[in-house]
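Chemist: Protein chains in written order, with the working numbering: chain G, 1 to 107; chain X, 108 to 206.
Here a beta-carbon is modelled for each residue, glycine too, at the ideal position from N, C-alpha and C.
Since we're looking at a predicted model, the values are computed, not measured.
Sharing a structure, written as C-alpha cells. Questions coming.
Structure follows, in C-alpha cells:
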C-alpha cells in the first residue's frame, strides 16, 4: 500500500466519521442555532476530507478535475446556505434558546 | 473501504432524515434537508469510485447546484410567503409554528 493510498483512506475514513458525528450532533443539540453547528461540520470538513480522499485515489485525471469542481461549488454554496438559513430564522422571529430556558432560573 | 465510507454516509443521511421528519421548527427541517443533499453529493461521488464509473461525478456536480438552489428557494418561500419580489402583490408570510 503506497503512501498516497494510505493518506487517501485516512481522509475518507475520518470524513465518514465526522459525518456520523454531525448526524448525532443534530439529534443531541437542543435548539436550531446550535444544530447549525453540527450541520456546518458535516457540510464543510466532512465534505472536504471525503473529496480530498477521492481526489488522491483519482490522481491526475479528468475525474480529479470534476472533484475539484464539486469541491469549489460546495465550498461556495454551503456557507451561503447556512448563513441564509440562520438569517431567515432570526428574521422570522426564532429566538435562540438561552441558558435560563434549559436550566431554570437559578437566581 | 469505499463500502465503509458509503455506510457511514448512509447512516448520516438516515439521521438527517429523522431530524427532518421530527424537527420542531421549519428551519430545522430545512437545515436537515440541506445536510441530506450535501451527503447525497458525497455518496454519489463515493459510489462513482466504488463502481469505477467516474462519469457519475457529473451527476454529483449537478446535484450540488440543485441542492443549493432548492434550499434558497424554499427559504425564500418560507420567509416571504411567495416567490415574487415586487411590493404591491406581497402576500402575508406563512404562519410558521415556533415552539
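Should residue 160 of chain X be labelled buried (16 or more other beta-carbon atoms within 10 Å of its own) or exposed?
Modeler: exposed
Chemist: Near residue 150 of chain X, which residues of its chain fall below 8 angstroms by C-beta distance, leaving aside the five closest residues on each side in sequence?
Modeler: 113, 116, 117 and 120
Chemist: Would you say residue 129 of chain X reaches chain G, if we count a Cβ-Cβ gap shorter than 7 angstroms as a contact?
Modeler: Residue 129 of chain X is outside the set of residues whose beta carbon lies under 7 angstroms from a beta carbon in chain G.
Chemist: Tell whether a beta-carbon distance below 7 angstroms holds between residue 88 of chain G and residue 141 of chain X.
Modeler: no
Chemist: Report buried or exposed for residue 95 of chain G, applying the criterion of at least 16 other Cβ atoms within 10 angstroms of its Cβ.
Modeler: Exposed is the call here.
Chemist: Which residue marks the beginning of the alpha helix (DSSP H) containing residue 177 of chain X, and which one marks its end?
Modeler: 163-187
Chemist: Ignore the nearest five residues each way along the sequence and tell me which others in residue 16 of chain G's own chain have a CB closer than 8 angstroms to its CB.
Modeler: 46 and 50
Chemist: Going by beta carbon distance, what residues of the same chain come within less than 8 angstroms of residue 26 of chain G, once the five residues before and after it are set aside?
Modeler: Contacts found: 35, 38 and 39.
Chemist: Report the rounded CA-to-CA distance for residue 135 of chain X versus residue 72 of chain G, giving the unit in angstroms.
Modeler: Near 26 angstroms, if we compare the C-alpha coordinates of residue 72 of chain G and residue 135 of chain X.
Chemist: Contact check, residue 111 of chain X vs residue 13 of chain G under 8 angstroms by CB: the rounded distance?
Modeler: 7 angstroms
Chemist: Below 9 angstroms on C-beta distance, what does residue 126 of chain X contact in chain G?
Modeler: 23, 26, 27 and 35
Chemist: Can you list the residues of chain X that residue 20 of chain G reaches, using a CB-CB cut of under 7 angstroms?
Modeler: 115, 118 and 119
Chemist: Out of X:174, X:165, X:179 and X:188, state which residue places its alpha-carbon closest to the alpha-carbon of residue 67 of chain G.
Modeler: X:165
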